[in-house]
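Note that the protein sequences, when read in sequence, are chains A and B.
When you line the first sequence up against the numbering used here, it's residues 757 to 1130, in that order.
When you line the second sequence up against the numbering used here, it's residues 89 to 486, in that order.
Ideal Cβ positions, reconstructed from N, Cα and C, are used throughout, including at glycine.
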Amino acid sequence: MSEQLGPVNLLYSDVETDLRDAVRRMLADRSPWPAVLERMETDKPYDDAVWRGLVELGATGLAVPEEFGGAGATFREVAVAMEELGRSVAPTPYLGSAVLATAAVLALPQSTGGVLEALAEGTVMALAVPLGTAPGADPPLTVSAERGSLTGTVRNVADAGSAQTLLVPVVEADGAALYRVDAAAGELTSAPTMDLTRRLATLSLDAAAGERLVGGDEAMAAVRGALTVGAAMLASEQLGLAERCLEMTVEHLKSRHQFGRPIGSFQALKHRVAQVWVSVAQARAVARNAADRLAALGPAADEAVIAAAVAQAHCSGVAVRAAEECVQLHGGIGFTWEHPAHLYLKRARSDALAFGTADRHRSLLAQLVDLPIG
Amino acid sequence: MVDASELLRRVEAFLADHDPGTTDRLDFLHARFDAGLAWVAYPEGLGGLGAPRSLQRVVDEAFARAGAPTNRPESIGIGLGMAAPTILRFGTPEQQRRWLRPLWTGEEVWCQLFSEPGAGSDLAGLGTRAVPEDRDGERVWIVTGQKVWTSMAHRARWAILLTRTDPDLPKHQGITYFVCEMTDPGVQVRPLRQITGEAEFNEVFLDGAQIPDVHRLGDVGDGWRVAQGTLMNERVAIGGSVAIDREQGPIGVLTRLWRDRAELRRPGLHGELMTSWVQAEAVRLTSDLFRQQLATGHPGPEGASIKLAFAKLNQEVSSLVLEVLGEEGLSYGDYEMRRPERVDLFGPSPGYNYLRARGNSIEGGTSEILLNIIAERVLGLPQEPRVDKDVPWKDLAK
């Protein structure tokens, strides 16, 4: 197979660079890492001020068309915001709301009763699909709906704790459907997670009232598309996270002295960070490719699905390795609670599981590009 | 400045006067050079028009469409990519007029005499001596030493040569850059047989070779700075290569094998296959990103990673092909000593590909040195303490 893949734009536009600067400034101001560290053990790890900051910058409605009050941008721009959120490990419901819920709603016919408008205004929503689900296969439907009444349980719903509205895929008498449920109508219980900066909750619905948005194939297509978008956008979070880990590590190697010289002058350590840099450079290329293909072709296109799977298969390992090297090359201080390295390590390790592990993405690719296992 | 449409107009006018179908190949190339349509970024009178470098493609494509003869750039890469930019930047007007035209047309082939058996990664430690002598009132340099890894030396008329002219200075300071005539009786070329059985490269022995002082490039003792210019051009030339498609190159050999030979597929190899496939995409997209940056005139440091990543990928993939082949991988085409004109890195046989790929992380800067360069120049990490920095070259341990 040797196909021409069409013009792919892997560079950042001026608008994207401006957006990055604005998001980075806001996060530096409202979510410096000591604040993240302080909040994350409380029962309110997500700071409303950070979310408001994202809303004020228009970052939460980037992918929402202008006619619904959004920025009319694409998932290329959303990816830039995700890079910055990864750099700062800020606890926000951005993945759940601005990525997953938004992608699901964008896939619906547009008569969806103000959902897009609400997203653009900054209403936090969550898509009730367990984190850990890989694109490429339909998630099991564990909630049933009968005459507008929903019953069932969904575990590991990302960002549900701060959502006002839940989008719930269900099984009905004649197939699948997607419902909108007021968060207050369900019960949320959260168990401890490795990554305290991204909270997961188990959603229990017991004859909860819901509004049917769409049914049948369109509902499942919306969920599948959202998972592809989630996988692609998470690659940019992983990129930003890895890049920040590398920066912290390099700063430490320049300033820390042992044996009478900066430890960054030892070749054994130089080569390790240089290898991380090489893999981060590649992570940027695959993450930008995934965002660009998504923006150009939509989440159902084969090329967009392939690009998202390549991005996850590659970036998951890059982020984990960058965070692990950050801990190791910081030595003892990197193993302490008071240093931010563990925030990045925990996010990176959890991200690598969030939309299916790298091996699942490789298996998906094997199907998509006709390289069967046997 | 000359723009794309003006260039196309000139190509058209040139083709009207020089029918590619009936004009002698060399006549055509001479005329193209003289019309400034050879390398358009070069100055007028030296084969160019002072146009932006990015417009070269426009001209090359226009000539290709007309079926015009080329200067066969693939076989004169060292001249075009390394010698010419150095001559342009450091050469005298006489040197530029003498050398650039036959270099571009391919009438005179160039090679590079830099590496030595004792100076590989540490090129500045080179020991080939050049000593000045007075011959009938003219200054000539007598050169003695040994160079290695010289491709095309057996075809070359000229070489760019690094020598040590002052062993009493620290290593970077006592170096002088020359152009050496390969037909000099003091120059002896021997093929260097390599791991694959063939000989792409040569050893070059310099035993009293004579170089007139007018063939010096740059000042005496300034050779290291001149060489940095040459090596920078090598990197630009490598980084500026064209876009590649998915599954082009060694990964395509592997995927074709997997698809075409179902009986060879084993579950235990499938994970490695897909890991390599993803890695090939990552490397392809990274070079695409770098190419897009170059096109905007703002190349990022990504270029430094590309050669490193390609070397690793080629090595892994060519090894995996042998694993997939299993028993068939035991055979090898033949080890007959040949002198290939062009290197096909993804070519002839799986065994050859595996062996040739081992060189990818050594040639053109070892992967270890490239990692040092990334660490020091991109990430800004401090150098190792340099024990040889202020020591006269003659006193260094060798």
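Q) Residues in the stretch 389 to 414 of chain B with C-beta within 7 Å of chain A's C-beta atoms, listed in sequence order? A) Answer set for the stretch 389 to 414 of chain B: E390, S393, L396 and A397.
Q | Within 9 Å of chain B by C-beta, residues of the stretch 1107 to 1118 of chain A in sequence order | A | The stretch 1107 to 1118 of chain A vs chain B, Cβ under 9 Å: A1114, D1115, H1117 and R1118.
(Q) Could you compute how far the alpha carbon of R278(B) sits from the alpha carbon of K1026(A)? (A) The residue labelled residue 278(B) in the question sits at position 190 within the second sequence. The residue labelled residue 1026(A) in the question sits at position 270 within the first sequence. Cα to Cα, R278(B) sits roughly 38 Å from K1026(A).
Q) Using a beta-carbon distance cut-off of less than 9 Å, what residues from the stretch 460 to 483 of chain B approach chain A? A) The stretch 460 to 483 of chain B vs chain A, Cβ under 9 Å: N460, I461, I462, A463, E464, V466, L467, G468, L469, P470, Q471, E472 and P473.
Q.
Quick check: is the beta carbon of I1129(A) nearer than 8 Å to any beta carbon in chain B?
A. Within the first sequence, the letter at position 373 stands for residue 1129(A). Answer yes: the Cβ-Cβ gap between I1129(A) and chain B drops below 8 Å somewhere.
Q: Output yes or no for whether 8 Å exceeds the beta carbon distance between H1070(A) and A1039(A).
A: Along the first sequence, read from residue 1 onward, the residue named residue 1070(A) stands at position 314. Along the first sequence, read from residue 1 onward, the residue named residue 1039(A) stands at position 283. In this structure, the beta-carbon distance from H1070(A) to A1039(A) falls below 8 Å.
Q. Within 8 Å (strictly less), CB to CB, does G359(B) reach chain A?
A. Locating residue 359(B) in the second sequence gives position 271, where the first residue counts as 1. For G359(B), at least one C-beta of chain A is nearer than 8 Å to its own C-beta.
**Q.** Status (buried if at least 16 other CB within 10 Å, exposed otherwise) for L103(B)
**A.** Within the second sequence, numbered from 1, the residue matching residue 103(B) stands at position 15. L103(B) is buried by the Cβ-count criterion.
Q: Say yes only if the C-beta of G194(B) is nearer than 7 Å to one or more non-hydrogen atoms of the ligand COA, and no if none qualify.
A: This structure lacks the ligand COA, and indeed carries no ligand of any kind.
Q | Any chain B beta carbon closer than 8 Å to W807(A) | A | On the first sequence, position 51 is the one that residue 807(A) refers to. Output row for W807(A): interface = no.
Q) If the cut is a Cβ gap below 7 Å, which residues of chain B does A1069(A) touch? A) Position 313 of the first sequence holds residue 1069(A). Residues of chain B whose Cβ lies closer than 7 Å to the Cβ of A1069(A) are, in chain order, V366.
(Q) Using a Cβ-Cβ distance cut-off of 8 Å, determine whether Q1038(A) contacts chain B. (A) Position 282 of the first sequence, counted from the first residue, corresponds to residue 1038(A). Cβ-Cβ to chain B under 8 Å: yes for Q1038(A).
(Q) Going by DSSP in three states, M757(A) sits in which element: helix, strand or coil? (A) Taking the first residue of the first sequence as 1, we reach residue 757(A) at position 1. Annotation note: pLDDT 36 at M757(A) (below 50); position unreliable, no value reported.
Q. Leaving out the 5 sequence neighbours to the left and right, which residues in its chain are closer than 7 Å to E196(B) when beta-carbon positions are compared?
A. Translated into positions along the second sequence, residue 196(B) becomes position 108. Closer than 7 Å at Cβ, skipping near neighbours: P190, R245 and W246.
Q. Measuring CA to CA, which of D785(A), G814(A), L922(A) and G1088(A) is closest to V944(A)?
A. Taking the first residue of the first sequence as position 1, residue 944(A) is located at position 188. Before going further, note that residue 944(A) is Leu rather than Val in the sequence given. Per the C-alpha coordinates, the member of D785(A), G814(A), L922(A) and G1088(A) positioned closest to L944(A) is L922(A).
Q) Tell me the DSSP bridge mates of E902(A)? A) What you label residue 902(A) is simply residue 146 of the first sequence in a count that begins at 1. Answer by DSSP bridge pairing, in chain order: S905(A).
Q: Would you give the residue range spanned by the alpha helix (DSSP H) that D348(B) belongs to?
A: Start at 1 with the first residue of the second sequence, and residue 348(B) comes out as number 260. In the DSSP assignment, D348(B) falls within the alpha helix (DSSP H) that extends over P338 to D348.
Q. Under the three-state reduction of DSSP, which class applies to M881(A): helix, strand or coil?
A. Along the first sequence, one-based indexing puts residue 881(A) at 125. Look at M881(A) here: in three-state DSSP terms it is strand.
Q) Which same chain residues, not among the five before or five after T318(B), have their C-beta less than 6 Å away from its C-beta? A) Locating residue 318(B) in the second sequence gives position 230, counting from the first residue. Excluding residues within five positions, the ones whose Cβ falls inside 6 Å are M170 and T174.
Q) So, is the C-beta of I326(B) closer than 8 Å to a C-beta in chain A? A) For the purposes of this step, residue 326(B) is taken as the residue at position 238 of the second sequence. Only weak support is given to the placement of I326(B): the predicted model assigns it a pLDDT of 47, under 50, and the value that follows is read from those uncertain coordinates. By this cut-off, I326(B) is not an interface position.
Q: Could you check if R1116(A) is buried or exposed, using at least 16 other CB atoms within 10 Å of its CB as the buried criterion?
A: Walking along the first sequence from the start, residue 1116(A) turns up at place 360. Under this definition R1116(A) is a buried residue.
Q) Cα separation between A857(A) and V1034(A)? A) Residue numbering aside, residue 857(A) sits at position 101 when the first sequence is read from its first letter. Residue numbering aside, residue 1034(A) sits at position 278 when the first sequence is read from its first letter. Rounded to whole angstroms, A857(A) to V1034(A) spans 33 Å at the Cα level.
(Q) Cβ closer than 8 Å: which chain B residues qualify as neighbours of Q1031(A)? (A) The sequence position of residue 1031(A) within the first sequence is 275, counting from 1. Within 8 Å Cβ-Cβ: L459.
Q) Name the residues in the stretch 768 to 779 of chain A whose C-beta lies less than 8 Å from a C-beta of chain B; which are they? A) Contact annotation: in the stretch 768 to 779 of chain A, no residue has its CB less than 8 Å from a CB in chain B.
Q: Decide yes or no for the touch test of the stretch 96 to 111 of chain B against the stretch 380 to 387 of chain B: beta carbon pairs closer than 8 Å, at least 3 of them.
A: Not touching, per the Cβ criterion.
Q. So what does DSSP say about L1014(A), is it helix, strand or coil?
A. Sequence index remark: in the first sequence, residue 1014(A) carries index 258 (1-based). It should be noted that the sequence gives Gln, not Leu, for residue 1014(A). Strand at Q1014(A).
Q.
For G870(A) and G878(A), I'd like the C-alpha separation in whole angstroms.
A. Along the first sequence, read from residue 1 onward, the residue named residue 870(A) stands at position 114. Along the first sequence, read from residue 1 onward, the residue named residue 878(A) stands at position 122. For G870(A) and G878(A), the distance between alpha carbons rounds to 13 Å.
Q: Go ahead and label I1089(A) buried or exposed: buried means 16 or more other beta carbons lie within 10 angstroms of its beta carbon, across all protein chains shown.
A: For the purposes of this step, residue 1089(A) is identified with residue 333 of the first sequence, where counting begins at 1. Result: exposed.
Q) Looking at C-beta atoms only, is the number of pairs between the stretch 793 to 803 of chain A and the stretch 838 to 848 of chain A that lie closer than 8 Å three or more? A) Contact holds: three or more Cβ-Cβ distances are below 8 Å.
Q: Might you give, ordered along the chain, the residues of its own chain that have their beta carbon closer than 7 Å to the beta carbon of R372(B), omitting 5 neighbours on each side?
A: What you label residue 372(B) is simply residue 284 of the second sequence in a count that begins at 1. Contacts found: I332 and R334.
Q) DSSP on Y935(A), reduced to helix/strand/coil? A) Within the first sequence, the letter at position 179 stands for residue 935(A). Note: Y935(A) maps to strand in three-state DSSP.
Q.
For A325(B) and L114(B), I'd like the C-alpha separation in whole angstroms.
A. Counted from its first residue, the second sequence places residue 325(B) at position 237. Counted from its first residue, the second sequence places residue 114(B) at position 26. In this predicted model, A325(B) has a pLDDT of only 49, less than 50, meaning its place in the structure is not dependable; the value taken from the coordinates is given anyway. Cα atoms of A325(B) and L114(B): separation of roughly 25 Å, rounded to the nearest angstrom.
Q: Rounded to whole angstroms, what's the CA-CA distance from V834(A) to E967(A)? Just pull it up for me.
A: Numbered from 1 along the first sequence, position 78 holds the residue referred to as residue 834(A). Numbered from 1 along the first sequence, position 211 holds the residue referred to as residue 967(A). So the two alpha carbons sit approximately 28 Å from each other.
**Q.** the stretch 908 to 918 of chain A contacting the stretch 940 to 955 of chain A, beta-carbon criterion three pairs below 8 Å
**A.** Contact annotation: the stretch 908 to 918 of chain A touches the stretch 940 to 955 of chain A, with at least three C-beta pairs closer than 8 Å.
Q: Quick one: residues in its chain with C-beta nearer than 6 Å to the C-beta of A156(B), no 5 flanking neighbours on either side, listed in chain order?
A: On the second sequence, residue 156(B) is found 68 positions in, with the first residue counted as 1. Hits under 6 Å: P108.
Q) Would the beta-carbon of L775(A) fall within 8 Å of that of A1041(A)? A) As a working note, residue 775(A) is residue 19 in the first sequence. As a working note, residue 1041(A) is residue 285 in the first sequence. No, the Cβ-Cβ distance between L775(A) and A1041(A) is not below 8 Å.
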